[in-house]
Amino acid sequence: MHFTISKLEQIREDLLSELKGGADRSLIRRKLEIENAIKILTACMEFKTAGKITTTKIPDPQNYTPSSEFRLIEDQETDSRDNWIEVVDELGEEIRPLPRSVIISVR
37 MHFTISKLEQ
47 IREDLLSELK
57 GGADRSLIRR
67 KLEIENAIKI
77 LTACMEFKTA
87 GKITTTKIPD
97 PQNYTPSSEF
107 RLIEDQETDS
117 RDNWIEVVDE
127 LGEEIRPLPR
137 SVIISVR
């Protein structure tokens, strides 16, 4: 992934040079796309997701209420919801993905 990231960084630098030279402002959109790709690939490297990955998009909620939200739950290998626990991140915060968030899964 280092190779791909370095190539994207090079393309970004070329776009920045063109923008500074007064090139078409539509290049800003391309620059932002490149920066997003770099962020995603860097995160994949950080979390060691070099293997096969799949993505899942969180849907829009079925009920639009102010207190409705998505939660990530571990089922503890049981169908009894009383035993399910809410998953927390490394800071101890509950993981509450927003609608249209994307989950990257490593297989």
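Just so you know, the sequence shown maps onto residues 37 to 143 in my numbering. Glycine included, each C-beta is placed from N, C-alpha and C at the ideal position. Just so it is clear, the structure is predicted and the values come from calculations on it, not from any experiment.
Which residues mark the beginning and the end of the alpha helix (DSSP H) in which Lys93 is found?
Taking the sequence shown and counting its residues from 1, the one referred to as residue 93 is at position 57. That residue, Lys93, is in no alpha helix (DSSP H); its beta strand (DSSP E) goes 89 to 93.
Leu52 classed as buried or exposed, judged by whether at least 16 other C-beta atoms fall within 10 angstroms
Along the sequence shown, read from residue 1 onward, the residue named residue 52 stands at position 16. It counts as exposed.
Under a three-way DSSP split, which group does Ser42 fall into?
Mapped onto the sequence shown, residue 42 falls at position 6. In the structure shown, Ser42 sits in a helix (DSSP, three-state: H, G or I).
For Ile70, count neighbouring C-beta atoms within 10 Å of its own C-beta (all shown protein chains included) and say buried if the count is 16 or more, exposed if not.
Locating residue 70 in the sequence shown gives position 34, counting from the first residue. Counting Cβ neighbours within 10 Å, Ile70 comes out buried, since at least 16 surround it.
DSSP state of Ile74 mapped onto helix, strand, coil
Looking up residue 74 in the sequence shown gives position 38. DSSP places Ile74 in helix when its eight states are reduced to three.
Any 3 or more C-beta pairs closer than 8 Å across the region 87 to 94 and the region 115 to 126:
no
My output table needs one value for Ile109: the three-state DSSP class, helix, strand or coil.
Within the sequence shown, the letter at position 73 stands for residue 109. Looking at Ile109 - three-state DSSP - the assignment turns out to be strand.
Best match in Thr92, His38, Glu122 for proximity to Ile4 [C-alpha to C-alpha]
The structure shown does not extend to residue 4, since the chain spans only 37 to 143, so no value can be given for it.
What residue does the beta strand (DSSP E) around Val142 start on, and which one ends it?
Residue 142 sits at position 106 when you count from the first residue of the sequence shown. First-last of the beta strand (DSSP E) with Val142: 138 to 142.
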